[in-house]
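Contents: one structure, followed by commentary.
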Ligand code: DC
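Numbering (the numbering used here), first residue to last: 4 to 221.
What follows is the structure, given as structure tokens:
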């Protein structure tokens with residue numbers, strides 16, 4: 004069995020931080036799959052196209068693929084804005100976009116870069132669709148108000164002026180779109196471990212996840 008950890012959960016649940024910490028601790032390679040959807044959305048908006056339109060979104064997929072050979076477009080800090088996050092959740096509702104990105108994610112999971120002991124992928128459908136046979140599946144969640152507060156602080160630390168109410172409203176809209184869409188909705192896999200990060204520190208999250216990783220991989 005492959006050493007794969009699937010980590011899913013809503014926006015600002017702490018899954019990204021946990022994935023990075025866990026990857027470091029276990030020497031696993033990490034893929035932030037949300038960055039793939041953000042990068043597609045980025046290409047769409049750059050051309051003034053509509054992220055909710057299938058043809059436009061597929062244009063974004065092709066533009067991303069054409070760009071992936073050079074310095075990773077996935078680490079572009081411009082992907083981290085709320086505007087791109089919102090557009091990403093629109094392209095992510097389109098089945099053909101998801102199909103386009105599926106192989107890229109499975110290839111990474113099954114053949115992580117040389118030197119790593121395994122792969123961690125974080126997103127919305129990793130445990131349910133991309134890697135349903137992953138030996139360890141975590142679903143990270145937290146109360147919406149707590150996630151909105153985290154996101155507000157993150158945006159403010161980047162010098163953006165945002166109100167808690169506006170961030171909470173956006174968070175609720177994104178949760179609804181990610182969870183209620185017809186294709187690959189956000190939901191815990193039947194055999195996942197659910198961790199509520201509302202009252203857990205970063206260190207405690209890592210410690211908890213490591214306990215499950217030891218059980219899964221020995
Ligand atoms: O995790 P994030 O905020 O970077 O993700 C951006 C959007 O991409 C999110 O609203 C839903 C979508 N997404 C998805 O549908 N499936 C994934 N595996 C990862 C992200």
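In this text, a Cβ means the ideal position worked out from N, Cα and C, and glycines have one as well.
Simplified DSSP state of residue i, which is helix, strand or coil
{"i": "residue 131", "result": "helix"}
{"i": "residue 4", "result": "coil"}
{"i": "residue 97", "result": "coil"}
{"i": "residue 14", "result": "coil"}
{"i": "residue 209", "result": "helix"}
{"i": "residue 187", "result": "coil"}
{"i": "residue 165", "result": "coil"}
{"i": "residue 104", "result": "helix"}
{"i": "residue 117", "result": "coil"}
{"i": "residue 179", "result": "helix"}
Best match in the options for proximity to residue i [C-alpha to C-alpha]
{"i": "residue 87", "options": "215, 102, 37 and 212", "result": "37"}
{"i": "residue 10", "options": "104, 39, 166 and 134", "result": "134"}
{"i": "residue 136", "options": "189, 195 and 102", "result": "195"}
{"i": "residue 204", "options": "60, 149 and 219", "result": "149"}
{"i": "residue 61", "options": "84, 39 and 160", "result": "39"}
{"i": "residue 214", "options": "12, 29, 4 and 13", "result": "29"}
{"i": "residue 140", "options": "212, 158 and 45", "result": "212"}
{"i": "residue 81", "options": "156, 12 and 46", "result": "46"}
{"i": "residue 5", "options": "198, 153, 202 and 120", "result": "120"}
{"i": "residue 85", "options": "64, 142, 154 and 110", "result": "154"}
{"i": "residue 43", "options": "220, 83 and 186", "result": "83"}
Opposing strand residues paired with residue i [DSSP bridges]
{"i": "residue 196", "result": "141"}
{"i": "residue 60", "result": "None, per the DSSP bridge assignment."}
{"i": "residue 126", "result": "11"}
**Asked** How do the segment 11 to 28 and the segment 201 to 211 stand: do at least 3 beta-carbon pairs fall below 8 Å, yes or no?
**Response** The segment 11 to 28, when compared against the segment 201 to 211, does touch it at the 8 Å Cβ threshold.
**Cβ contact check for the segment 163 to 180 and the segment 112 to 129: 3 or more pairs under 8 Å** = The answer is no - the segment 112 to 129 does not touch the segment 163 to 180, with fewer than three Cβ pairs under 8 Å.
**Asked** Would you call the segment 6 to 18 and the segment 52 to 63 touching, i.e. three or more CB-CB distances under 8 Å?
**Response** With contact defined as three or more Cβ pairs closer than 8 Å, the segment 6 to 18 and the segment 52 to 63 are not in contact.
**Message:** Any contact between the segment 62 to 78 and the segment 123 to 137? By contact I mean 3 or more CB pairs, one from each, below 8 Å.
**Reply:** Not touching, per the Cβ criterion.
**Length-filtered (4 minimum) alpha helix (DSSP H) runs lying within the segment 14 to 40** = Listed in chain order, the complete alpha helix (DSSP H) runs (minimum 4 residues) inside the segment 14 to 40 are 18 to 29.
**Asked** Should the segment 97 to 111 be regarded as contacting the segment 152 to 160, the criterion being three or more beta carbon pairs within less than 8 Å?
**Response** Too few Cβ pairs lie closer than 8 Å, so no.
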